[in-house]
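Following: one structure in structure tokens, then a few remarks.
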Amino acid sequence: MIAMSSPSKENTFSTPPPGHVRAMFDRVARRYDLMNRLMTFGQDTRWRKEVIRRARLTPGARLLDLGAGTGDLAWEALQQEPTTLPVAVDFSLEMMRMGQRRGRSLAWTAGDALSLPFPENVFDAVVSAFLVRNVRDVPRLLREKYRLLRPGGRLVILDTTRPRAGVLQPLVRLYLRTIIPLLGALVAGLREDYDYLVTSTENFLRAEELAAHMAAAGFRRIGFRRLMFGTVAIHWGEK
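Residue numbers (the working numbering): 10 to 248.
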């Protein structure tokens with residue numbers, strides 16, 4: 010069984026207001042997928058495959074990709090289980106426009122992750138990638154995800170987490186504080202927005218703390234796996 014910390018009362022980093030975050034994602038949308046590939050050395054594609062595997066989709070499953078960006082997780086779900094019924098939700102119109110260019114197989118909805126226009130107990134799986142860190146009220150977000158899942162439904166989260174102290178910490182800090190902002194400047198022309206990524210990652214919840222918040226929201230059979238020297242983790246649980 011994975012050890013979990015008690016949930017902290019609040020994120021140690023003050024997440025910017027939703028309008029600021031939305032504007033930032035609108036700005037980065039054009040280069041978002043490319044930057045993800047570069048920053049993770051191509052590993053994020055493999056991580057997303059694992060997210061969908063852990064969702065345990067059955068034929069005809071209803072899937073919610075929350076904070077979908079360009080829809081990578083929803084598209085991966087269709088690759089793994091073609092009869093999946095995916096719904097992709099994001100609040101960045103530019104992100105959704107980029108995703109819609111990839112095809113017509115997804116149902117897209119603009120929405121606030123903290124208050125979604127769906128009834129209770131409707132989805133077989135709720136997944137998200139790099140969403141939670143950008144939300145001011147993590148407990149409320151997790152309660153909303155719980156509300157939407159049917160009993161026995163699966164939640165899977167891919168997100169950055171605060172790195173642990175260790176012998177590799179100086180290298181991790183160098184990568185976060187130097188390489189990522191440099192890539193943001195050279196590839197996307199948006200160094201300041203990628204400075205935010207670094208700051209929010211270094212000050213976000215630890216993996217154990219996010220797992221504890223999931224338990225507090227009512228999830229069970231919770232687990233997580235750290236990735237990329239502890240700067241990223243996949244969490245999962247059931248309603």
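Ideal placement from N, C-alpha and C gives every residue a C-beta, glycine not left out.
Confirm, please, whether the CB-CB distance from L167 to V60 is below 8 Å. Yes, these two residues count as a Cβ contact at 8 Å.
In this structure, what does DSSP give as the bridge partners for E201?
-> The bridge partners DSSP lists for E201 come to none.
What does a CB cutoff of less than 8 Å around P27 pick up in its chain, not counting 5 residues either side in sequence? Sequence-distant Cβ neighbours of P27 in its own chain, meaning closer than 8 Å and more than five residues away, are F100, D121, R145.
Between the beta-carbon of V207 and the beta-carbon of R186, is there less than 8 Å?
Contact: yes.
Kindly indicate which three-state DSSP category I61 falls into: helix, strand or coil?
Residue state, collapsed to three classes: helix.
Within the same chain, show all residues whose beta-carbon is closer than 6 Å to that of L158, passing over the 5 residues directly before and after it, in chain order.
-> Apart from the 5 residues on each side of it in sequence, L158 sits with its Cβ closer than 6 Å to the Cβ of F132, V135, K248 in its chain, given in chain order.
field: Where T210 sits in the DSSP three-state scheme
entry: Note: T210 maps to helix in three-state DSSP.
Note to self: Tell me the DSSP secondary structure of R111 in three-state form.
What the structure shows: It is coil, neither helix nor strand.
Pairwise C-alpha distance: G108 and G76:
If I take the Cα positions, the gap works out to 12 Å.
* Name the DSSP bridge partner or partners of A221? -> Paired residue(s): none; A221 is not in a bridge.
Tell me whether the beta-carbon of Q52 lies closer than 8 Å to the beta-carbon of M237. Going by beta carbons, Q52 and M237 fall inside the 8 Å limit.
Given F139, which residues of its chain have a CB within under 6 Å of its CB, disregarding the five upstream and five downstream residues? Cβ within range, chain order: D168.
Among D81, T118, A86, P148, the one whose alpha carbon lies nearest that of V98: That would be T118, whose Cα lies nearest to the Cα of V98.
Which two residues bound the contiguous alpha helix (DSSP H) that contains R230?
Segment 229-236 is the beta strand (DSSP E) holding R230; no alpha helix (DSSP H) there.
Of the choices N130, V241, L47, whose alpha-carbon is the least far from that of A70? Checked all of N130, V241, L47; the closest Cα to A70 is N130.
- Minimum C-alpha distance to L164 - residue among W56, N212, L102, H244: When C-alpha distances from L164 are compared across W56, N212, L102, H244, the shortest belongs to H244.
*Of all the alpha helix (DSSP H) runs that stay within the bounds of the region 155-189, which reach a length of 4 or more residues?*
You should have 178-183.
Self-check item: For R71, the residue or residues it bridges with in DSSP
Solution: According to DSSP, R71 bridges with L94.
inquiry  = For G28, report the span of its beta strand (DSSP E) as first-last.
reply    = Judged by DSSP secondary structure, G28 falls outside any beta strand (DSSP E) and instead within the alpha helix (DSSP H) spanning 27-37.
Practice item. Take R156 and list the residues in its own chain whose beta-carbon comes closer than 7 Å to its own, dropping the five residues that flank it on each side. Key: Counting only Cβ-Cβ distances below 7 Å, and skipping sequence neighbours, we find E129.
Measuring CA to CA, which of A242, A226, R229 is closest to A216?
That would be A242, whose Cα lies nearest to the Cα of A216.
Can you tell me which residues form a DSSP beta bridge with A138?
Partner(s): L167.
Which residue from A116, N45, E103 puts its Cα closest to that of V30?
Nearest option by C-alpha distance: E103.
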